[in-house]
Ligand code: HEM
Ligand code: SF4
């Protein structure tokens with residue numbers, strides 16, 4: 001194949017939720033396809049469920065965002081002032097780091113956190129009910145809930161929540177300019193630096209203090225690693241869940257019969273959350289890899305240094321795995337979707353995200369039964385080009 | 001049916017615990033623990049599901 005025969009891969013979503021037609025076509029014709037990636041380099045797009053899983057669980061592919069071949073889908077470069085984050089590490093370095101924090105995110109720990117998440121959700125809904133209508137759901141509920149939860153887990157003192165929240169909103173807002181971004185990043189990392197230093201002096205009952213304790217037991221505290229981990233948890237656990245809250249709310253408002261089914265039987269909510277995760281696959285852009293060596297896979301050879309982009313939204317609509325894959329079926333009961341990735345980096349916060357989504361969905365529609373969009377749905381603006389898919393603003397009323 | 005887990009491969013995502021909390025648990029450090037090595041018949045379907053969702057390929061069945 002000559003270089004100019006390689007098609008350029010378009011990325012931004014066209015239909016609000018589903019994969020682009022070009023991506024579906026690739027899945028049918030060439031599930032591992034040579035393409036020009038969004039960063040202009042020649043690499044690979046992977047679109048079938050089977051192949052996405054195979055590559056995400058294959059240690060011959062690297063997660064290093066600093067490798068020049070890494071298929072960055074969007075221009076936003078990661079903050080290079082930080083040491084490589086857990087997300088960027090490969091075997092054998094990744095596992096031991098992940099093991100210092102997974103204990104904080106077990107199913108059991110998340111269940112124990114449920115009542116506190118419920119309180120936070122209730123407080124925000126109280127404020128919505130007491131405030132003016134219409135209100136932007138994104139600012140009133142979707143963003144602050146996951147943000148507060150992760151603040152509390154990390155051990156950010158209550159008095160600093162506002163500082164923390166405004167900076168992280170700047171970080172994830174589509175309105176932020178490059179300059180504002182750099183500034184907010186600087187403020188946040190220096191804040192997190194001070195926070196880590198304070199926890200080293202005076203440990204409290206929180207994730208960061210326990211992490212410091214673990215590092216001490218393992219032979220030494222690494223300040224840079226601690227700041228990096230705090231940063232990663234803050235960023236990874238914030239906008240993702242927020243976007244899922246907004247999108248899920250919208251979707252259920254558009255499908256009153258599904259909403260009614262959940263009202264009748266709240267035990268269905270967790271299954272609905274799983275299906276909504278599959279249906280939207282908001283974080284597929286996180287699923288890039290770069291080959292560490294030449295890899296032969298199902299008839300293609302991926303060369304060392306070439307980037308590979310896993311189009312998980314397309315993989316999550318793979319008819320070989322999901323029957324009637326384009327339909328949202330809250331009773332589907334399929335957990336083998338790719339919304340949280342696969343392999344050793346599979347989302348560390350997935351059980352937190354499930355818990356937050358479940359509580360928000362159950363509570364929001366129960367407490368505000370008349371909830372409805374305050375604008376015609378055609379006017380909603382979706383984050384087609386953002387690294388995490390979502391709705392920018394979602395005015396609601398009741 | 002016998003269930004086997006490889007703690008080295010487990011990345012602690014907890015998917016197995018969601019599928020079958022009577023068979024799988026997580027240690028304090030997040031790694032899987034097997035609560036029932038030979039689960040009863042009615043859980044065999046769930047065991048196959050756990051194998052298929054485990055992101056670390058850390059669960060095996062001997063039938
Ligand atoms: C619905 C919400 C969420 C979605 C869709 C999501 C999606 C993902 C995906 C696709 C990955 C894999 C990245 C890769 O393989 O390179 C990932 C990793 C990660 N997620 Fe999430 N995430 C969500 C919520 C959260 C939450 C609430 C946290 C909590 C702190 C979190 C923390 C992380 C971390 C730390 C990683 C890196 C894990 C590692 O490298 O081992 N995520 N997430
Ligand atoms: S699903 Fe697999 S990786 Fe996750 S906790 Fe269970 S055994 Fe470990």
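Chains as they are written, first to last, in the UniProt record's numbering: chain A, 1 to 398; chain B, 1 to 63. Glycine included, every Cβ here is placed at the ideal spot set by N, Cα and C.
query, result
"Residues in the stretch 101-127 of chain A having any Cβ partner in chain B nearer than 9 Å", "101, 102, 103, 104, 105, 106, 107, 108, 109 and 110"
"Separation of residue 36 of chain A from residue 329 of chain A, as counted between CA atoms", "34 Å"
"Three-way DSSP call (helix, strand, coil) for residue 468 of chain A in this model", "Here chain A comprises residues numbered 1 to 398, so residue 468 of chain A is not present and cannot be evaluated."
"Length-filtered (4 minimum) alpha helix (DSSP H) runs lying within the stretch 212-243 of chain A", "223-236"
"Outcome for residue 379 of chain A when other beta-carbon atoms lying within 10 angstroms are tallied against a minimum of 16", "exposed"
"Selection of the stretch 41-62 of chain B by Cβ proximity to chain A, strictly under 9 Å", "49, 52, 53, 55, 56 and 57"
"Closer than 7 Å: residue 120 of chain A CB and nearest ligand 2 heavy atom", "no"
"Members of the stretch 322-343 of chain A that neighbour chain B once the beta carbon cut-off is set at 7 Å", "335, 336, 342 and 343"
"Beta-carbon spacing of residue 408 of chain A, residue 62 of chain A below 8 Å", "In the structure displayed, chain A extends from 1 to 398; residue 408 of chain A sits before or after that span and is not available."
"Strand pairing of residue 80 of chain B, partner residues [DSSP]", "What the structure shows of chain B is the stretch from 1 to 63, and residue 80 of chain B is not part of that stretch, so it cannot be assessed."
"Residue 58 of chain B beta carbon near ligand 2 (any heavy atom closer than 7 Å)", "yes"
"Cβ-heavy atom distance, residue 20 of chain B to ligand 2, below 7 Å", "no"
"Below-8 Å beta-carbon distance, residue 34 of chain B vs any chain A residue", "no"
"Contact the stretch 360-379 of chain A vs the stretch 298-312 of chain A: 3+ CB pairs below 8 Å", "no"
"Beta-carbon proximity of residue 91 of chain A to residue 59 of chain A, cut-off 8 Å", "yes"
"Endpoints, the beta strand (DSSP E) within which residue 43 of chain A is located", "42-46"
"Residue 151 of chain A beta carbon near ligand 1 (any heavy atom closer than 7 Å)", "no"
"Positions along the stretch 345-357 of chain A whose CB lies within less than 9 Å of some CB in chain B", "345, 346, 347, 348, 350, 351 and 354"
"Contact set between residue 48 of chain A and chain B, taken where Cβ atoms lie within less than 8 Å", "Going along chain B, no residue has its Cβ under 8 Å from residue 48 of chain A, so there is no contact; the nearest lies around 16 Å."
"Backbone secondary structure at residue 1 of chain A - three-state DSSP", "Summary for residue 1 of chain A: the model assigns pLDDT 44, below 50, so the residue's position carries little reliability; its value from the coordinates is reported in the next sentence. Looking at residue 1 of chain A - three-state DSSP - the assignment turns out to be coil, as it is neither helix nor strand."
"Contact set between the UniProt domain \"4Fe-4S ferredoxin-type\" (1-29) of chain B and chain A, restricted to residues whose Cβ is under 8 Å from the partner", "11, 12, 13, 14, 15, 17, 18, 19, 21, 25, 26, 27, 28 and 29"
"Cβ of residue 57 of chain A within 8 Å of any chain B Cβ", "yes"
"Residue 54 of chain A: CB within 7 Å of a non-hydrogen atom of ligand 1", "no"
"For residue 364 of chain A and residue 12 of chain B, the rounded distance between their alpha carbons", "30 Å"
"Residue 199 of chain A to residue 220 of chain A span [Cα, whole Å]", "15 Å"
"Boundaries of the alpha helix (DSSP H) in which residue 115 of chain A is found, first to last residue", "107-130"
"Residues near residue 76 of chain A in its chain [Cβ-Cβ closer than 7 Å; skip 5 each side]", "Note that residue 76 of chain A scores 44 on pLDDT, short of 50, meaning its location in the model is unreliable and no value can be drawn from it."
"Residue 133 of chain A classed as buried or exposed, judged by whether at least 16 other C-beta atoms fall within 10 angstroms", "exposed"
"Residue 291 of chain A: first and last residue of the uninterrupted beta strand (DSSP E) it sits in", "288-291"
"Reduced DSSP secondary structure (H/G/I, E/B, other) of residue 380 of chain A", "coil"
"Validate contact between the stretch 241-251 of chain A and the stretch 138-151 of chain A using beta carbons, cut 8 Å, 3 pairs", "yes"
"Beta-carbon spacing of residue 100 of chain A, residue 258 of chain A below 8 Å", "no"
"Separation of residue 206 of chain A from residue 24 of chain B, as counted between CA atoms", "26 Å"
"Opening and closing residue of the alpha helix (DSSP H) in which residue 355 of chain A lies", "350-367"
"Beta carbon proximity, residue 27 of chain A to chain B, threshold 8 Å", "no"
"Residue 387 of chain A in three-state terms, based on DSSP", "coil"
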